[in-house]
Amino acid sequence: MASPGLDLSPMLSLVDRANLSNHNVSGISIETDNKNVKAEEFKEAILSCKHKFSKGMSLRIEWKKIQSQGVSFVYYNGEFTVAPTTPVCEVPSSAMTGTVVELSCKETEGSPPSEYQWYKNGVALLEKTGTGSARAANITYTMNKKSGTLLFNTVTKNDTGEYFCEASNGVGLSQKCSVKRMQVDDLNVSGIIAAVVFVALVMALCGLGVFYAQKKGYFTSK
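For reference, each letter of the sequence shown is one residue, going 1 to 222 in full-length UniProt numbering.
Shown next as structure tokens:
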């Protein structure tokens, strides 16, 4: 992370090797002490940035990370930026209709903090606003892009499907969790009634058995 007051030679914690170069632009000269800095994971690495520029010019320090996927900012406009990591998604495998169900999605490495988008069967879910297309779609859920939660106040069988979440913060590539299926089934009312009737019959038979035994004197001490 950046050391206080060290704006011109930012200190970065990087996992990958930093590839730095000398640059000369009209009126500006930039160089570094070490073009190939090697650092251990979760250890500190100091990258130097020496520069000269013409009087009266405005200067802004930017550090960029070069990867196979492209170039991303690491230090920009006085702040560090970190691409999101793969989020952790919690999706129940089964649920009963009419119950409250909450899906969660979270990653903690990104800077600035990530926003989250949920998908069902590969299609992005609309954010519930109560107007426009979201209202017309008769949405039964609430998606919070800041916290990453997807809340069903009364889940229905139509909510059965394959869900995944995507985290993004404008730095690097967005990251997705693995697809998880949620199966929503109706409450088996007939089965519950049958079970209650069965238990009632068993209790009734036990009561009759005790009454018969008492009548015959089986419980009378000699």
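Note that the Cβ used here is the ideal one computed from N, Cα and C, for glycine as well.
Between the stretch 117 to 124 and the stretch 160 to 174, the count of C-beta pairs closer than 8 Å reaches three or more; the two stretches touch. Beta-bridge annotation (DSSP): Gln-183 is paired with Ser-94. Here Phe-152 is near Tyr-141, since their CB atoms are less than 8 Å apart. With fewer than 16 neighbouring CB atoms inside 10 Å of its own CB, Thr-99 falls in the exposed class. Closest by C-alpha distance to Pro-84, out of Val-123, Lys-157, Ser-111, is Ser-111.
Cβ-Cβ distances below 8 Å link Lys-180 to Cys-89, Val-91, Ser-93, Glu-162, Tyr-163, Phe-164 in the same chain, with the five nearest sequence neighbours on each side left out; the list follows chain order. Judged by DSSP in its simplified three-state form, Ile-193 adopts helix. Restricting attention to Lys-38, Lys-43, Trp-63, Glu-44, the CA atom closest to the CA of Glu-31 is found in Trp-63.
The beta carbon of Lys-145 sits closer than 8 Å to those of Glu-115, Tyr-116, Gln-117, Glu-127, all from its chain and outside the five residues before and after it, given in chain order. When Thr-86, Ser-29, Val-101, Lys-43 are compared, the shortest CA-CA separation from Val-155 is found for Val-101.
Boundaries of the beta strand (DSSP E) harbouring Asn-144: 141 to 144, taken from the DSSP string.
Annotation: Ser-29 to Phe-53 spans about 6 Å, alpha carbon to alpha carbon. When the alpha-carbon of Leu-173 is set against those of Cys-49, Lys-50, Thr-86, the nearest one is in Thr-86. Under the DSSP assignment, Phe-42 falls outside any beta strand (DSSP E); it carries neither an H nor an E label. Going by DSSP, Thr-149 is part of the beta strand (DSSP E) stretching over 149 to 152.
Secondary structure at Leu-103: strand, using DSSP grouped into helix, strand and coil.
Around the beta carbon of Cys-206, fewer than 16 other beta carbons sit within 10 angstroms, so the residue counts as exposed.
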